[in-house]
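Asker:
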Amino acid sequence: MNATPQFALVDVNNFYVSCERVFQPALAHTPIVVLSNNDGCAVARSNEVKALGVKMGVPWFKMKDLAEKHDIRAFSSNYTLYGDMSNRVALVLRDFSPEIEIYSIDEAFLRIETVAHLYGGALAMGEQIRHRVKQWTGLPVCVGVAPTKTLAKLANYMAKKRAEFNGVCDLHALSRPERLGYMADIDAGEVWGVGPRLAPRLKEMGIQSVLDLRNASPKTLRSHFGVVMERVCSELRGIACLELEQVAPSKQQIMSSRSFGHSVEALEDLREAVATYVDRAAEKLREQGSVCAAVHVFVQCNRFRPEEPQNNTGTTVALVAPSDDTLALTAAALHGLRSIYRPGFRYKKTGIMLTLLSDKGVQQGSLFDAPVEHARSAAVMSAMDQVNRLYGRGMLRTGASGTQQRWSMRSENRSPRFTTRWDELPVVR
DNA sequence: TCTGGGGTCCTAGGACCC
DNA sequence: TCTGGGGTCCTAGGACCC
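Those letters in the first sequence? Residues 1 to 429, by the UniProt record's numbering.
See the structure below:
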């Protein structure tokens, strides 16, 4: 019963790019990037593009020459497709182990120590995961197995980068010298939790490799970097500090914002955008059964053009009573917007954040509550959510969000929503 | 012309309490 | 001359993740 924990980290290779390729197999060897919202930056790159030295997050316009030279295909992001593909992968993984944490759109942790033997051990289980995900969804994954999450991340990194693992690495199937050898070979900056700020500071202390970090003194790490780095170090030594989070905790804040396709000056356009984002955020709020007590609204000009006049500001509007009513939240957000809006600026972005969230079921009553209003609001919101679930997002929304939406983001080369729209299904000839 | 959109956790310091 | 000790809460800022 007290077997050493075994975490498996399953991670889809070049996730967004791979999703595109599933439906356009002819692109299997074409260099591809997928762009962020508004067709801004490269957020996913195929191996061919990585080989050309294109880094994560490079603005598309800066790589246009390179793209032309090497025939790089660029896709606008298609989150409807990626979200659906992500759910399909999760379904396959749940079959392998019921103890699963969906960590991000393209990654999941599984606890496998009690089930691995059913597949002939962790390594064999990893192979079968790879095979089945590929066969059932078309997506390539790598699997890393280890006794802590941080080590599983490292094992996954090795499975991806080192051909000898063939996509599956069980760190503790290696001999100790082998394991430490790999650690000595990998930069400390690759460790989960060590980012671009801390890596150079570690280096200054003579901590270069994963092995150096593993062997560092926890006390020293704690005094220089705090408890987080101390934990990273313990995890690297095989002492599990992080647990599997099977149930995603409710969010403490919900944000919705976008850059505009073109800069915007009129209050009317900003109002439409803000109302649109509130619509979406309120939907998420109700989905997790929360209410919020304050709405933050902000506007931004183009921060890459400091020579232009800037009005980058925001304000928080408190609600009379916590609410999940789109109309109440929209009213608050638009009120806030009115107070920060100044004419004569070229706005590039606006957004809202719902904060001070709490569980709807455990609300403090208020002297000023009107129960009848509450019942009406709940009925309207529930009808709205049902309509939108049935007929698609945004089918029913507030009038304030507008009909033209001239400010909406660029998305010039989005592939069809192959798996969620009848009229965009792939056709087999 | 063109530069994403979400989130979380931890720490330090100040205000305040008894 | 000398000026306690223990705590909470909040906020801003910094770091990280995908």
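Ideal Cβ positions, reconstructed from N, Cα and C, are used throughout, including at glycine.
This one's a predicted model, so the numbers in the text were calculated from it and none came from an experiment.
(1) Please report the straight-line C-alpha distance between M1 and E243, rounded to a whole angstrom.
(2) Are the CB atoms of E235 and V210 nearer to each other than 8 Å?
(3) With C-beta atoms as the reference, is A273 less than 8 Å away from T350?
(4) Going by the CB atoms, is the gap between V145 and A122 shorter than 8 Å?
(5) Enumerate in chain order the residues of its own chain whose CB-to-CB distance from A333 is below 6 Å, with the five nearest sequence positions on each side excluded.
(6) How should R111 be labelled, buried or exposed, when 16 other C-beta atoms within 10 angstroms of its C-beta is the threshold for buried?
(7) Using DSSP with H/G/I as helix, E/B as strand and the rest coil, what is C233?
(8) What do you reckon, are the CB atoms on V143 and V10 nearer than 8 Å?
(9) Using a 10 Å radius around the Cβ and a threshold of 16 neighbouring Cβ atoms, would you call G181 buried or exposed?
(10) Could you give the C-beta distance for S323 and F23, rounded to a whole number, given that I count them as a contact under 8 Å?
(11) Where in the stretch 340-382 do unbroken runs of the beta strand (DSSP E), each at least 3 residues long, occur, reported from the N-terminal end onward?
(12) Put F96 into one of helix, strand or coil per three-state DSSP.
(13) Between which two residues does the alpha helix (DSSP H) harbouring Q128 extend?
(14) Under 8 Å by Cβ, that's how I've got A173 and A8 pegged, so tell me the actual separation to the nearest angstrom.
(15) How many Å lie between E68 and F304 at the Cα?
(16) Under 8 Å, do F345 and P309 count as touching if we go by C-beta distance?
(17) Quick one: residues in its chain with C-beta nearer than 7 Å to the C-beta of R214, no 5 flanking neighbours on either side, listed in chain order?
(18) Where does the unbroken alpha helix (DSSP H) through G181 begin, and where does it stop?
(19) In whole angstroms, what separates the C-alpha of L327 from that of T398?
(20) Evaluate contact between the stretch 67-81 and the stretch 24-35, counting only Cβ atoms and requiring at least three cross-stretch pairs below 8 Å.
(21) Under 7 Å Cβ to Cβ from A28, same chain only, skipping five residues before and after it: list those, please.
(22) Can you give me the start and stop residues for the alpha helix (DSSP H) that D11 sits inside?
(23) Mind checking M229: buried by the 16 CB within 10 Å criterion, or exposed?
(24) Kindly indicate the opening and closing residues of the beta strand (DSSP E) around A108.
(25) Apart from the five residues on each side of it in sequence, which residues of its chain come closer than 7 Å, Cβ to Cβ, to Q253?
Answerer: Straight from the coordinates:
(1) Residue placement at M1 is flagged as unreliable, the pLDDT there being 48, under the threshold of 50; a coordinate-derived value is accordingly withheld.
(2) No. Outside cutoff.
(3) Against a cut-off of 8 Å, the Cβ pair of T350 and A273 comes out as a contact.
(4) Contact: yes.
(5) Listed in chain order, the non-local C-beta contacts of A333 below 6 Å within the same chain comprise V274, V278, V295, V297, I352, local neighbours out to five positions each way being set aside.
(6) Result: buried.
(7) The three-state secondary structure of C233, taken from DSSP, is helix.
(8) Contact flag set, yes.
(9) Label assigned to G181: exposed.
(10) The C-beta distance from S323 to F23 rounds to 41 Å, too long to fall under 8 Å, and the pair is not in contact.
(11) Fully enclosed beta strand (DSSP E) runs of 3 or longer: 347-359.
(12) F96: helix per DSSP, three-state reduction.
(13) Q128 -> alpha helix (DSSP H) spans 122-137.
(14) No, A173 and A8 are not in contact; Cβ-Cβ is about 13 Å, not under 8 Å.
(15) About 25 Å.
(16) Taking 8 Å as the cut-off, the beta carbon of F345 is found closer than this to the beta carbon of P309.
(17) When the five nearest sequence neighbours on each side are left out, the beta carbons in the same chain lying within less than 7 Å of the beta carbon of R214 are those of M183, C233, L236, R237, in order along the chain.
(18) Start and end: 176-185.
(19) Taking the straight line joining both Cα atoms gives about 8 Å.
(20) With the cut-off at 8 Å, the stretch 67-81 and the stretch 24-35 touch.
(21) Closer than 7 Å at Cβ, skipping near neighbours: R21.
(22) Unbroken run through D11 is the beta strand (DSSP E), 7-12; no alpha helix (DSSP H).
(23) Result: buried.
(24) From DSSP, the beta strand (DSSP E) with A108 extends over 107-111.
(25) Answer for Q253: M353, L354, T355, L357, listed in chain order.
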